[in-house]
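Peer 1: In terms of full-length UniProt numbering, the sequence shown opens at residue 1 and continues consecutively.
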Amino acid sequence: MQLFNHQEATAQFLVDHASAFVTNDCGTGKTISVIEAFNRLREGRMLVLAPLSILENAWGADVRKYNEAFGGNLKVAIAHGSKDKRERAFKSNADIVAMNYEGCNWLVDNCELLDGFDTVVMDESTYVKNATSKRSKNALVVSRYFKRRWLLTGTPNPLSVLDLWHPALILDYGERLGKKFFAFRQQVCTPIQVAANANAIQWQDKPGALDFVHDQLSDITIRFTLEECIDMPETSTRYMQMKMPSWVKKHYNDMLYDSHIALEQGDVSAVHAGARARKLLQLLSGAVYGEEGDAIKVHSERHNLVMDLVEERDHTVVVFNYKHERDALIKEAKKRKLSYTLIDGSVPNLKRTEAVEDFQAGKKRVIFVHPQAAGHGITLTAANTLIWCSPNYNAELVKQTEHRIYRAGQKRRTQIIRIAYEDSKEIEVYESMGAKMMHMLDLLNLFHTTAKVA
1 MQLFNHQEAT AQFLVDHASA FVTNDCGTGK TISVIEAFNR LREGRMLVLA PLSILENAWG
61 ADVRKYNEAF GGNLKVAIAH GSKDKRERAF KSNADIVAMN YEGCNWLVDN CELLDGFDTV
121 VMDESTYVKN ATSKRSKNAL VVSRYFKRRW LLTGTPNPLS VLDLWHPALI LDYGERLGKK
181 FFAFRQQVCT PIQVAANANA IQWQDKPGAL DFVHDQLSDI TIRFTLEECI DMPETSTRYM
241 QMKMPSWVKK HYNDMLYDSH IALEQGDVSA VHAGARARKL LQLLSGAVYG EEGDAIKVHS
301 ERHNLVMDLV EERDHTVVVF NYKHERDALI KEAKKRKLSY TLIDGSVPNL KRTEAVEDFQ
361 AGKKRVIFVH PQAAGHGITL TAANTLIWCS PNYNAELVKQ TEHRIYRAGQ KRRTQIIRIA
421 YEDSKEIEVY ESMGAKMMHM LDLLNLFHTT AKVA
């Protein structure tokens, strides 16, 4: 297996630059480029700082994928959880230690653990854009212990040019954009009075400010758009797996056992098979339902992962299958102050048209859709990424829904992301649904090729 051309160029750029800002589009495989560059250098150890939801799903999984594809022998440890667990990760023989950004608040008091490290990677560097936040300040302190500092983001054009100052400070200690935030702000922004209060001021980018900053950072920045990656497929599918919580695992195994007994006894009709299979899929979506039909427990980390992926992109279509998914996604979007719109059975036709128009016009960052309501006849090409929160068992709906972004009018390469639990049958369900319409009894049997999750 070989790296794509843009991955090779990115890896070499990192090898050649101790400070580097990688702004390649989402879906171009930035993590593999970073791992390759680190493997070529192999001088010390590497610390990766990233959002919690992608520590294992992106970095842990991609290190293993890299080892399998390129014959590597890199070891990775996840530094998350109790103080003892974090310390064990740093004191292990792992070449790469991955930790969430909040861990910096602990690491600044334990910097002796960084002995032997020479490279720090900050993935989704928008997490350190706010110069006054505790997280950003501590990330800056931690960065001083490293010879190499590589920052990654798939969204290099911020809402304000001010968002680039602190990431640049981490990279070069103020060499390019200056060491003083207020002096930088005065240089690139104009104060606008927005209310009678003297302190009600909004700082607006001056004309050409973004171009000026990009020019200042150009010597340490590399960027490939998906369109430039001509050796990549027009549409790619990626699975992101996460660990199954113990409470989901218990219910899953209990339900598998009951269904297994029923199948062995041969007393499962197509109707019953459909009900059982749907229950298993519903459970794997990260929720346990009570007798009244309401979700009584929901695995929020699954939806946090989805919204972290949304924040990496300009516009995204997110597909949900269940009410608890919809409610959790909307709650998380509001919490993150992300503009969103919705299409499902609760939205009248007139409002659905309005939702599509707003999304296509770029007024909304994300659109949450149910496949039965949005699987036909609408165009959502403002997005080039579609994320499935969980698998759907209707092959026609799967195909039709994915074609909302991959259709006439789409000018970019597209990506389908499918969320799944490790050690479950979700990936097989995704693949089976993508291939053909499946009889419900066959779907239930699919779950029983292995009867239990360890």
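Heads up, the beta-carbon is just placed ideally off N, CA and C, and yes, glycines get one too.
1. Could you tell me the boundaries of the beta strand (DSSP E) in which Cys189 lies?
2. For Thr221 and Ala58, I'd like the C-alpha separation in whole angstroms.
3. Around the Cβ of Leu55, are there at least 16 other Cβ atoms within 10 angstroms (buried) or fewer (exposed)?
4. To the nearest angstrom, report how far apart Val429 and Ala328 are at their CA atoms.
5. Are the stretch 374-392 and the stretch 405-420 touching by the rule of at least three beta carbon pairs closer than 8 Å?
6. What residues in its chain sit with their C-beta under 8 Å from that of Lys297, if we drop five residues either side in the sequence?
7. I need the boundaries of the alpha helix (DSSP H) containing Val356, first residue and last residue.
8. By the three-class DSSP mapping on this structure, what secondary structure does Met255 have?
9. Given Lys323, which residues of its chain have a CB within under 8 Å of its CB, disregarding the five upstream and five downstream residues?
10. Once you ignore the five residues that flank Asn100 on each side, which residues in its own chain have a CB closer than 8 Å to its CB?
11. In whole angstroms, what is the alpha-carbon distance linking Asp231 and Arg135?
12. Out of Ala200, Leu114, His214, state which residue places its alpha-carbon closest to the alpha-carbon of Val161.
13. Work out the CA separation of Asp118 and Val15 for me, nearest whole Å.
14. According to DSSP, what are the bridge partners of Asn100?
15. Please state whether DSSP places Leu14 in a helix, a strand or coil.
16. Would you mind stating whether Glu311 and His6 have Cβ atoms separated by less than 8 Å?
17. When you measure from the CB of Thr119 to every non-hydrogen atom of the ligand NAP, does any distance come out below 7 Å?
18. Buried or exposed: Ala139, going by 16 or more other Cβ atoms within 10 Å of its Cβ?
19. Go through its chain and collect everything with a Cβ distance to Leu305's Cβ below 6 Å, but skip five positions before and after it.
20. Anyone know if the C-beta pair for Ala61 and Met1 falls short of 8 Å?
21. Alpha helix (DSSP H) containing Met122: first to last residue?
Peer 2: Looking at the atomic coordinates:
1. 189-193
2. 22 Å
3. buried
4. 23 Å
5. In short, these stretches touch, since the Cβ pair count reaches three.
6. Trp247, Ala287, Val288
7. 349-360
8. helix
9. Ala295
10. Counting only residues of its own chain and dropping the five nearest sequence neighbours on each side, Asn100 has a CB closer than 8 Å to the CB of Leu49, Ala50, Pro51, Leu52, Leu55, His80.
11. 38 Å
12. Shortest Cα-Cα distance from Val161 to any of Ala200, Leu114, His214 involves His214.
13. 13 Å
14. Ala50
15. helix
16. no
17. In the structure shown, the ligand NAP is absent, as is every other ligand, since no ligand is present at all.
18. buried
19. Ser53
20. no
21. Element bounds for Met122: not the alpha helix (DSSP H) but the beta strand (DSSP E), 117-122.
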